[in-house]
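In terms of the working numbering, the sequence shown opens at residue 24 and continues consecutively.
Glycine included, each C-beta is placed from N, C-alpha and C at the ideal position.
Working notes, structure below.
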Amino acid sequence: MCHDPAVIVGGCGRSGTTLIREMLDRHPSIAIGPETAILCDFPNPERLAIEWGLRAADIERDIRSSRSVVEFTGGFFRAYAARRGKPIWGDKTPRNVRAIDRILRWFPQARFIHMIRDGRDVACSLRRHPKETVRNGRLVPNEVNRPIAECAKRWLEDTSCGLAYRGHPRVIEVRYEALTADPESELRRVCAFLRLDYEPSMASAKDEGAPADLNDGRLMNNRDAAGRVHRKSLSRWRRDLSAQERLDFVHVAGELLVALGYAPDHGWATE
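Shown next, in the form of structure tokens:
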């Protein structure tokens with residue numbers, strides 16, 4: 024086990040995990056860098072080297088010298104936070120939501136933030152994500168167009184993993200819609216959960232055209248998720264989903280959508 028204080032973010036992809044990561048990283052006590060997948064997969068030296076600007080050989084050496092994945096993970100993130108002069112490290116990887124039990128056991132001082140978003144909007148975003156991917160150390164276009172049913176299934180499964188820990192004292196749910204509507208109120212609630220003072224800089228607007236760097240959490244295949252808080256993608260399903268795709272979503276994940284309060288019933292699919 025690793026007893027470092029830590030902030031772990033997870034949730035279905037395209038649910039706002041990058042947005043809240045950027046906000047948390049602006050706190051003077053929290054350092055959260057690019058996505059790692061360390062907590063849900065075995066550490067991948069090549070991926071870490073690309074995303075973090077490190078040498079794969081150095082990462083492989085550190086993995087071999089560590090007695091466990093937990094020791095390597097704690098040391099990796101602790102060193103990053105120390106370089107930035109911050110006492111608390113964190114990790115944002117959407118698939119962390121599928122490893123909450125392991126994370127809470129391995130890191131008994133960690134707190135988990137589960138991001139939730141309207142599954143219809145998530146599905147619209149997931150089907151063509153990522154627009155770019157890393158191949159042989161270079162960004163290349165990634166032409167994807169997944170069926171809505173496939174995207175709805177991922178939202179259903181990932182969100183259900185997080186909901187299994189609803190009410191756990193070390194897990195908090197944050198709605199993307201609430202975070203974008205009133206960032207300060209939601210961030211104050213999150214900071215109280217983390218036992219930290221709220222910092223106004225966390226909710227400060229970021230210039231969408233500003234270049235991102237490592238300390239700002241640049242994700243090479245997720246650059247379209249970065250930028251200032253905006254609500255232009257809310258209810259995008261109304262314009263993006265065809266009549267058949269709406270029915271496909273209801274068939275796969277309609278019940279959870281209603282249970283979470285995003286729709287009173289399935290009538291939205293035939294509006």
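- Per DSSP, the continuous alpha helix (DSSP H) segment holding Asp-124 begins and ends at 123–129.
- Residue range 266–282 is occupied by the alpha helix (DSSP H) that includes Phe-272.
- Partner residues in a beta bridge of Val-120, as assigned by DSSP, do not exist.
- Fully contained in the region 55–91 are the following alpha helix (DSSP H) runs of length 4 or more, in chain order: 68–75, 79–88.
- Leaving aside the five residues that flank Asp-85 on each side, the residues in its chain whose CB is nearer than 8 Å to its CB run, in chain order, Phe-95, Gly-98, Phe-99.
- Within the region 153–209, the alpha helix (DSSP H) runs of at least 4 residues that lie entirely inside it are, in chain order, 171–186, 199–204.
- Looking at the backbone, the Cα of Arg-106 and that of Ile-55 are separated by about 12 Å.
- Annotation: the continuous beta strand (DSSP E) that includes Met-138 extends over 133–139.
- A contact between stretches requires three or more CB pairs, one per stretch, nearer than 8 Å, and the region 63–79 fails this requirement with the region 163–171.
- Going by beta carbons, Ala-60 and Trp-178 fall outside the 8 Å limit.
- According to DSSP, Asp-220 shares a beta bridge with no other residue.
- In this structure, DSSP gives Gly-108 a state outside helix and strand, which the three-state scheme calls coil.
- Straight-line spacing of the CA atoms in Leu-264 and Gly-76 works out to 39 Å.
- Shortest Cα-Cα distance from Ala-122 to any of His-137, Trp-112, Ile-111 involves His-137.
- For Asp-27, the three-state secondary structure derived from DSSP is coil.
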